[in-house]
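If you read the sequence shown in the numbering used here, its first letter stands for residue 340, the second for the next number, and so on. Just so you know, even glycine gets a beta-carbon here, dropped at the ideal spot from N, CA and C. Working notes for the structure below.
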Amino acid sequence: MSQYPDLRLNGPVLLQQIHALGEIGTDPVNGGRTRIALTDAEKTGRDQVVAWMKELGLHVQVDRIGNIFGTLRSADERCGQAPLMMGSHIDTVTNAGALDGCYGVLAGLAVVRAFREAGVLPSRPVTVGAFTNEEGVRYQPDMMGSLVYAGGMSVHEALATVGNDGTRLGDELERIGYAGDLEPGFIVPHEYLELHIEQGPILEAERTLIGVVENLQGISWQQVTIQGNANHAGTTPTRLRHDAGYAASAVVTELRKIARDSNGTTLATVGCMNFEPNVVNVIPRKATLTVDLRDPDEERLVTAEQRLSRFLATMAEDEGVKISTEQLVRFQPVIFDAGLADEIEACAERSGYSHRRMTSGAGHDAQMIARIAPSAMIFVPSRAGISHNPREHTEDDQLLNGAKVLLDVVVHRLNTHP
Ligand code: HGY
Ligand code: MN
Ligand code: MN
C-alpha cells in the first residue's frame, strides 16, 4: 500500500511551464529559442526556474559550476539523508526546441508539486537539478556541469575553460550571478532519474509511448585543423595545390564511409566547418572542422577514431597539408542501473503505457550522475525524431504520460527504499 495515495500530477501547470520557459530566448527570425549556456537568455531561464522552485517552497542551492538544485525536505528531516534526485538541463543549442532538457527539469518540479498539492512530504528529500552547460555549444565538453558534479572534471579546469567566443566560463558564471559557493557533488543522490524526449525516431516509428533507457552510447568530439597554402584559384594547377578546403571536404566523405561500414552503429557528424580566407577565388589556406563520432560499443568507437586518424595522416601526405587534431570530448558508453530500469518498465506496464528498452543516442546528464549514483532515464516520443531544431515536438498527452511514469517511479522508490 503506497504511503502516498493522493499524489496526482498537475498536468496543466507542467504544460504551461514548458511553454513559458520555451518563450525565453525565442528567435523570431530563425525560429525556436536559443539559450546558450551562461548567456543573458539562459540567465533569464535560470531565474525563471529558480522562481518556480521557490514558489514550491524548495530549498534552492547553487554550486560553484552553476548547477541549480531545489530540494523538498523529507517528512522527518533525518540528518544527511541522501535525496532522490531528478534533473536535466535548461541550456539549449542554437534555434532549439522547447523540450530538450527543460522537460526533465520541469517534470521534476511537477513531481514535487504533486507532494505539495497533496500536503505530504516524502520519506527522503527529493531534489530537482538543472545542470550547467549540458549542450557544450559554447564551452566544451558537453554535460560539463554534471561531469564536474560527478568528479569527472575539476571545478578549476571548468571555470578556466575558454569558449569558442573567447570568453572564460568562470567570468560568465560570475556575470550572470550563478557562481555558487557549494562544492559540486555536495549532495550525493540516493538515485537519479532523468525524463527526456527521445530526440530520435524509434518510439514514434514503433508507436511506443515510453522508452526505458538502459544505456547510452559513447561520444568522441574532435576539432581538426588543416593548414594548406592559399593560392590563386585560376592560375594554380590541381597537382600543385595544397588545398585545405579539399582536404576538409574529403574528411566529411570519409566519415560517411566509416559510418556506413559500421552497419549503422557508428554515427559521424561534421557540425562545424570554416575556411580561411573564405573567398571565392582563393584556395583555402586553412580549414577547421569538428567531428562528432558515437557508438554504443567502445571498441567500435575506438576503431572509428583510429580509421579517421589513419585517413588524416594519408590526406596530409597526399595533399601536402598539415593536419592537427584536438580531442574536445571523450565519454565511454554508459550502462544505467538495471534495478531502476526494471522499475521504470514496471511503472509503464502498470499504467498501461506501451514501452520498450532502448539505448540513448544523445548524451545526457544522467550519464555523468551514473558515475556517483544509480541512474536511469525515461524517454517519450519525438515527432519525426526531430530535435536540436525548432520543429522539435512531443504531443501534450505523451509529455504527461512521461511525467506520470516519473511520479510513479519516484513514489515506488520512496515506498520501497525509504
Ligand atoms: O550532444 C549531445 O548528445 C547532447 O545533446 N549534449
Ligand atoms: Mn538534452
Ligand atoms: Mn541537446
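Sorted by chain position, which residues of the same chain lie with C-beta nearer than 7 Å to residue i's C-beta, five sequence neighbours on each side aside?
i    : result
R639 : S601, T604 and T605
A690 : In the sequence as displayed, the identity of residue 690 is Ser instead of Ala. Only K743, V744 and D747 meet the Cβ criterion.
E682 : V748, H751 and R752
Q666 : Q561
R452 : N349, V352 and L395
T733 : L438, I536, V719, P720, S721 and R722
Would you kindly check if the distance between the Cβ of residue j and the Cβ of residue i is under 9 Å?
i    : j    : result
V494 : Y478 : no
I662 : A586 : yes
G409 : M392 : yes
G426 : D676 : no
L632 : I597 : yes
G396 : R463 : no
A457 : L346 : yes
R668 : I558 : Here residue 668 turns out to be Val, not Arg, going by the sequence shown. Yes, these two residues count as a Cβ contact at 9 Å.
A607 : L628 : no
E530 : P757 : no
R403 : A469 : no
I541 : V660 : no
T471 : V487 : yes
L445 : I549 : no
M482 : M707 : yes
G509 : E473 : no
S438 : V388 : Rather than Ser, the amino acid found at residue 438 in this sequence is Leu. Not closer than 9 Å, so no.
N434 : N503 : no
L377 : E511 : yes
Taking the alpha-carbon positions, what's the residue i to residue j distance?
i    : j    : result
P616 : R507 : 27 Å
R412 : P422 : 9 Å
S699 : E545 : 16 Å
P635 : L579 : 42 Å
G361 : G436 : 8 Å
G678 : V527 : 18 Å
I563 : L647 : The question names Ile, but residue 563 is Val in the sequence shown. Going from the Cα of V563 to the Cα of L647 covers about 11 Å.
A652 : H694 : 46 Å
H758 : E656 : Absent from the model: residue 758. The displayed extent of the chain is 340 to 757, so no value can be given.
P623 : R649 : 23 Å
D415 : P461 : 9 Å
D366 : E644 : 36 Å
T755 : Q342 : 10 Å
D735 : A390 : 24 Å
C611 : P344 : 51 Å
T575 : P672 : 47 Å
N740 : L555 : 22 Å
N613 : E658 : 18 Å
M716 : E513 : 32 Å
E731 : T577 : 44 Å
V618 : A626 : 13 Å
E684 : S485 : 25 Å
T373 : T466 : 26 Å
V459 : D430 : 32 Å
Please go through the same chain and pick out, in chain order, the residues whose beta-carbon is closer than 6 Å to the beta-carbon of residue i, but skip the five residues on each side of it.
i    : result
K382 : I515
G443 : S427, E533, L534 and H535
V476 : I375 and V432
E543 : P720
L521 : Q400 and D402
R696 : V551 and E553
T547 : S693 and R695
P480 : V668
H326 : Outside the shown range of the chain (340 to 757) lies residue 326, about which nothing can therefore be said.
L738 : none
E637 : G557, Q671 and P672
Can you tell me the Cβ-Cβ gap for residue i and residue j, rounded? I've got them flagged as a contact below 8 Å.
i    : j    : result
V591 : A680 : V591 to A680, Cβ: 37 Å. No contact.
V621 : A583 : Not really, about 11 Å apart at Cβ, beyond 8 Å.
P729 : G371 : 3 Å
G405 : A518 : 7 Å
A664 : Q561 : First, the amino acid is wrong: residue 664 is Thr here, not Ala. At roughly 5 Å, the Cβ-Cβ gap stays under 8 Å, so T664 and Q561 are in contact.
F670 : E537 : Actually they do not touch by this definition, with Cβ atoms about 19 Å apart.
A489 : G524 : 7 Å
Spatial neighbours of residue i within its chain, please: CB distance less than 8 Å, with the 5 preceding and 5 following residues excluded, ordered by chain position.
i    : result
D379 : I515
G539 : G700, A701, S721, G724 and S726
G491 : M707 and R710
E688 : H694
Would the beta-carbon of residue i be found less than 8 Å away from any heavy atom of ligand 5?
i    : result
D439 : You won't find ligand 5 in this model; what it holds is ligand 1, ligand 2 and ligand 3.
Tell me the start and end of each unbroken beta strand (DSSP E) in the segment 653-702 that is at least 3 residues and wholly inside, in chain order. Taken in chain order, the complete beta strand (DSSP E) segments of 3 or more residues contained in the segment 653-702 are 661-670 and 694-699.
Which runs of the alpha helix (DSSP H) spanning at least 4 residues fall entirely within the segment 483-527, listed in chain order? Those alpha helix (DSSP H) runs which fall completely within the segment 483-527 and span 4+ residues are 483-488, 494-498 and 508-514.
Can you list, in chain order, the stretches of the alpha helix (DSSP H) that have 4 or more residues and sit fully within the segment 375-444? The segment 375-444 contains these whole alpha helix (DSSP H) runs: 379-394.
Every unbroken alpha helix (DSSP H) inside the segment 525-565 [4 residues or more]: The DSSP assignment places 541-544 as complete runs of the alpha helix (DSSP H) inside the segment 525-565, in order along the chain (cut-off: 4 residues).
Report the start-end ranges of each beta strand (DSSP E) in the segment 596-646 that is 3 residues or longer and not cut off at the edges. Runs found: 606-608, 612-615 and 625-634.
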